[in-house]
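Written below as structure tokens is the structure these notes are about.
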Amino acid sequence: MATLHTRSAARLMIAPSVLLLLAWMIVPLAMTIYFSLLRYNLLMPGMEEFAGLTNYTYFLTDPAFFQAIFNTLAIVLGVLFITVVGGIGLALLLDQPMFGQGIVRILVIAPFLIMPTVAALVWKNMFMNPVNGLFAWLAKLLGLQPFDFLANAPLLSIILIVAWQWLPFATLILLTALQSLDEEQKEAAQMDGAGAVSRFIYLVLPHLSRAITVVILIQTIFLLSVFAEILVTTNGGPGTQSTNLTFLVYAQALLQFDVGGASAGGIIAVILANIVAFFLMRMIGKTLEA
Amino acid sequence: MGSITLKNVSKVFGAHAVIPSIDLDITDGEFVVFVGPSGCGKSTLLRLIAGLEDVSDGEIVIDGRNATELPPAKRGLSMVFQSYALYPHMSVRSNIAFPLKMAGEDKATIDKKVEDAARVLNLTDYLDRKPRQLSGGQRQRVAIGRAIVRQPEAFLFDEPLSNLDAALRVNMRLEISQLHQQLKTTMVYVTHDQVEAMTMADKIVVLNRGRIEQVGSPLDLYRRPDNLFVAGFIGSPKMNFVTGAPAAAHQAHTIGIRPEHIALSKDQGTWRGTVGVAEHLGSDTFLHVNADGIGTLTARVGGDFAVTHGDQVYLTPDTERLHRFDEKGMAIR
């Protein structure tokens, strides 16, 4: 923007959206902070009183809190690992010329279009059910004891379900990145005597680094707040074995009716998410520059 | 030793024969240029030699060995690509070292060879930069550096200068020629620019629609073109073609006269015409003359010949240097 005039005009133009954003974000945040300082229980309406930091100490000393932090991180890291590695593999496969390429690509993208609750229910009832599920049937076919995924490995099951949902996203982003790799570079590497593995390590992976960064950043944002999949499959259990922070806040507010405690949990979740984001940007933000 | 022989080589994409059948001998140490209009199959031919495309039929013999089925890396050839194809995330040093690293040479040897190549190509100061921090000419030199460290049997160049500006192109043309003098390695060079072909080649292969029109030294092609296509393609500005009565007077279907072989005069000559456009280059002037009953002819005169649009001039072709062609476009000798 060249002149003083256009600059002030520009400020005026963006003012409404800034105000809207403020109302949208700052007001709820302020209200959450306010609630977190109150003793506020839905079962005792009209009896709110100032409680100081009691809600915070209560939430932070809850043994379920540490379990929830661990679970949150496990879900984020587990899903990231599966989707990035699997996504690169699938993208490499889909990049090969083959018959019915268009249809196969649409099929691969399909899981991303299914809503989380439906996907989780399908997994729970059709695949992982220890009596009627596909996996149980497979196990019986092989003469093995069916494995009750959601009861015995609840966290792993949820990681698998969420990874299945996010794999198409990673594949799609990585596939487009792969297709933008210059054909002549690949041929040059071929002339230089690089085999398929060397070409992957020295040429394809560095080329994909930016796309991988994008996948990690975007997925982390969404994976920190996985909720629907937990609600419809394990309900956070058994015990708190598959409870993450989001689910813990939900349980505090709507199962124990403790709005104050839940608000405190929400604020803690926001702080933790910011810490994760800070380290993430420091670790991999560099690849996005230049 | 880098001799390359193509026997009956053909390439078919689907139902379309890009190269119907080609026989060609490239002797060791030669600088061979494939030249032709775009789509004539010259790049495809180069890629066949490199092994980046499979031949549909025929045999490629490199250095006495049948290389038809060999993968690109085993053919002992290096290639410089049109887009340079440098690895963008590697430094210049790693780029040049890449083929050596892939060949499994030890660190000390690699360092020495890279330093040597960098010295030859004036890249020593840029070894730690990334390709994107280099100018077009420097990138070109890195690509050449990556090609020479392997000490290949032959170099393949795929229109390497087409992304450079005019001044740099003239410069790099010279550098590549000098490199050829120094290394004395076989070079196969693809271009659509007949000036590059004329200035650099020991031997020019003129291609048209996947067929070889003529093979010969630059001056051979200039003085004795086999057919209309070669006559029209080699030389700048293009040769003039005249058909009809003036051609019949020389017992030919078509006669060709180069612009530099037409004498101009303001008062007498064989053909009369009006000047359409005069292109003044300083040293020379190219005149586009509308000759009566013949059509537009291009003629080259000295820069001192003062004419402008609309002037009457007389043209006299040098009958000694006239090219005669029959109905099929083949030269009559």
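Residue numbers (this note's numbering), protein chains in the order written: chain A, 1 to 290; chain B, 1 to 333.
Ideal Cβ positions, reconstructed from N, Cα and C, are used throughout, including at glycine.
Predicted model, so just to flag it, every value in this text is computed and none were measured.
Using a Cβ-Cβ cut-off of 7 Å, Ser83 of chain B is close to Asp182, Glu184 of chain A, given in chain order.
Listed along chain A, the residues sitting closer than 8 Å to Phe98 of chain B by beta-carbon distance are Ala189, Asp192, Ala194, Tyr202. According to the DSSP assignment, Val33 of chain B belongs to the beta strand (DSSP E) that extends over 31 to 35. By the Cβ rule, the region 211 to 226 of chain A does not count as touching the region 170 to 178 of chain B, because fewer than three pairs are nearer than 8 Å. Under the Cβ distance rule, Pro97 of chain A does not count among the residues neighbouring chain B, no pair being separated by less than 7 Å.
Contact residues of the region 89 to 114 of chain B toward chain A are His89, Phe98, Pro99, Met102, Ala103 (C-beta to C-beta distance below 7 Å).
Inclusion of Ile234 of chain B and Leu322 of chain B in the CB contact set at 7 Å is not warranted, their separation being larger than that value. Secondary structure at Phe99 of chain A: coil, using DSSP grouped into helix, strand and coil.
Spatial neighbours of Ala252 of chain B in its own chain (CB-CB distance under 8 Å, excluding positions within 5 residues in sequence) are listed in chain order as Arg324, Phe325, Asp326, Ile332. Residue nearest to Leu100 of chain B within the set A:Val215, A:Ile275, A:Ser263, A:Ser198 is A:Ser198 (criterion: CA-CA distance). With fewer than 16 neighbouring CB atoms inside 10 Å of its own CB, Arg11 of chain A falls in the exposed class. Non-local C-beta neighbours of Ala278 of chain B in its own chain, meaning closer than 7 Å and more than five positions away in sequence, comprise Thr285, Leu287, Val307, Thr308, His309, ordered along the chain.
Neighbours of Leu52 of chain B in chain A, taken as residues whose beta carbon is under 9 Å from its own, are Glu187, Gln190, Met191 in chain order. In this structure, the straight-line span from the alpha carbon of Ala139 of chain A to that of Met128 of chain A is close to 11 Å. Counting every other CB atom within 10 Å of its CB across the protein chains shown gives Tyr126 of chain B a total of 16 or more, marking it as buried. Counted as a single uninterrupted DSSP element, the stretch harbouring Glu260 of chain B is not any beta strand (DSSP E), since DSSP gives it neither H nor E. Runs of alpha helix (DSSP H) with 4 or more residues, each lying fully within the region 79 to 113 of chain B, are found at 92 to 102, listed in chain order. The C-alpha of Leu19 of chain A lies about 16 Å from the C-alpha of Ser8 of chain A. If only uninterrupted beta strand (DSSP E) runs of at least 3 residues are considered, none is enclosed by the region 72 to 124 of chain A. Scanning A:Thr32, A:Ser17, A:Ile173, A:Arg282 for the CA closest to the CA of Leu94 of chain A turns up A:Ile173. Pro238 of chain A carries a coil assignment under DSSP once its states are collapsed to helix, strand and coil. Following the DSSP letters along the chain, one finds Met200 of chain B inside the alpha helix (DSSP H) bounded by residues 194 to 200.
With the rule of 3 Cβ pairs closer than 8 Å, the region 6 to 19 of chain B counts as touching the region 53 to 62 of chain B. Residues of chain A with a Cβ closer than 7 Å to the Cβ of Pro72 of chain B are, in chain order, Gln190, Met191. Under the Cβ distance rule, Pro146 of chain A does not count among the residues neighbouring chain B, no pair being separated by less than 7 Å. Comparing alpha carbon positions, the residue from A:Val131, A:Phe65, A:Trp123, A:Trp166 closest to Pro154 of chain A is A:Trp123. Under the three-state reduction of DSSP, Thr274 of chain B is assigned to strand. In the pairwise beta carbon analysis, the region 161 to 172 of chain B is classified as not touching the region 109 to 120 of chain B: fewer than three pairs are separated by under 8 Å. One alpha carbon belongs to Leu77 of chain A, the other to Leu43 of chain A, and they sit about 38 Å apart.
Assigned with DSSP and collapsed to three states, Asp128 of chain B falls in coil, not helix or strand.
Under the Cβ criterion of 7 Å, Met198 of chain B is not counted among the residues facing chain A. Along the region 3 to 24 of chain A, there is no position whose C-beta sits under 8 Å from a C-beta of chain B. The Cβ neighbour count for Arg282 of chain A, taken over all protein chains shown within 10 Å, is under 16; the residue is labelled exposed.
Between Val190 of chain B and Leu86 of chain B, the C-beta spacing is not below 7 Å.
Annotation for Asp57 of chain B: the continuous beta strand (DSSP E) segment containing it runs 57 to 62. If the five residues before and after Pro88 of chain B are omitted, its C-beta is found closer than 8 Å to the C-beta atoms of Lys130, Pro131, Arg132, all from its own chain and listed in chain order.
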